[in-house]
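A short write-up of the structure that comes next.
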Amino acid sequence: MINMEITIAEFVPTLNEYVDVHIKNPDPEIKIKVDDFCDFPGPENCQSKIEEIKKKKRNSLLNSFNKRVDDVIMLNRYALHQYNINAEKIAPLFKNYDEQHGGMFSTIYDEHDETKVDCARMGFINFNCVCELLTAKKIADEGLIIHLWATIEQFVKRAIIIMGGEEKEMPFKWHELKRLSTKNGINLESLPSYAIINEIRVVNNKIKHLYIVDDELCKYPGFEKYKGKKMNLVDYRTHEYALATYHFMNRLVMFMGPIISYAPDRIID
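Heads up, the sequence shown is in my numbering, so the first residue is 7 and it goes up one at a time.
Here it is in structure tokens:
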């Protein structure tokens, strides 16, 4: 498939949509996540006022986080919905237009030469329209990644406050947040889905600063073939990123205290 091909985008599912689709999926990896999503802060019967308050705070934290990520996904979906409408109409027209010009435009685009692409966009309005369409989709996906990371940072800080009480100075750097979380009893790196969360962090930073696929990004799946190129060429794993975001925060909140599980075959000690 050439990079210039205009395809229909598949929507990233919200948490409830994912669970509804996979609730009976026997795949072990999927089942673990679905079962984890059936866990909620406990205990069922609080033995003290302090325990009840902490349970409520954990529930509120998890609910707020899930809704925030749902909202971020819906924003991405609105953009992709319009993209799909346009793509369905433009794709066959551009295919014919490109063929009439001997495949010139797809060739220019696939060479990944920014100067050539920019010149062609200025000279050919139809090519420019297609580039605008593809770029808009990429920006929508990059916006999703940026918002996912911002949400992770915000809610990890809120979780730390619940774990250890009010912090006079909450750090802004991720490695300092990890150290503070460990100090309060939870090593973030030990949580399921952390590896993908760390990838989201790196991708977020590269989008906002360098916007080039460098050696650090090439350590992650799907980036190595774009080494040295602009990131607008990358096919981001947005579905995997969103699922990992939900899962990471779910496990963080569960590690903060007792659990009530509604997974049918899960036993909580």
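Backbone N, C-alpha and C define an ideal beta-carbon position, used for all residues, glycine too.
Assignment of Ser196 by DSSP, reduced to helix, strand and coil, places it in the helix class. Looking from the CA of Ala156, the closest CA among Thr113, His118, Ala126 and Asn204 belongs to Asn204. The beta strand (DSSP E) runs lying completely inside the segment 229 to 254 and spanning 3 residues or more number zero.
Secondary structure of Ile266 (DSSP, three-state): strand. Residue pairing by DSSP puts Phe46 in a beta bridge opposite Ile266. In the pairwise beta carbon analysis, the segment 15 to 31 is classified as touching the segment 71 to 84: at least three pairs are separated by under 8 Å. Considered as a whole, the segment 62 to 135 harbours no complete run of any beta strand (DSSP E) with no fewer than 3 residues. At the C-beta level, Ile114 and Lys101 stay beyond 7 Å of one another. Under DSSP, no beta-bridge partner is assigned to Ile203.
Boundaries of the alpha helix (DSSP H) harbouring Arg185: Trp180 to Lys189, taken from the DSSP string. Going by DSSP, Leu21 is part of the alpha helix (DSSP H) stretching over Leu21 to His28.
Closest option to Ile218, judged by alpha-carbon separation, among Pro227, Phe43 and Leu239: Leu239.
Apart from sequence neighbours up to five positions away, the residues of its chain that approach Ala97 with a beta-carbon distance below 6 Å are Ile12, ordered along the chain.
Non-local C-beta neighbours of Cys224 in its own chain, meaning closer than 7 Å and more than five positions away in sequence, comprise Glu230 and Lys233, ordered along the chain. If you check the CB distance, Phe71 and Phe161 come in under 7 Å. Rounded to the nearest whole angstrom, the C-alpha separation of Phe111 and Asn31 is 43 Å. Excluding five sequence positions before and after Tyr24, the CB atoms of its chain that fall closer than 7 Å to its own CB belong to Leu249, given in chain order.
Looking only at Met260, Ile158 and Ala165, the smallest Cα-Cα distance to Val78 is reached by Ile158. For Ile202, the CB contacts under 6 Å within the same chain, skipping 5 residues up- and downstream, are Ala250 in chain order.
The residue from Met262, Arg272, Glu148 and Asp271 with its alpha-carbon nearest to that of Arg64 is Met262. Pairing Lys39 with Cys52 gives a Cβ-Cβ distance that is not under 7 Å.
CA-CA distance, Gly129 to Ile152, rounds to 33 Å. Judged by DSSP in its simplified three-state form, Ile14 adopts coil rather than helix or strand.
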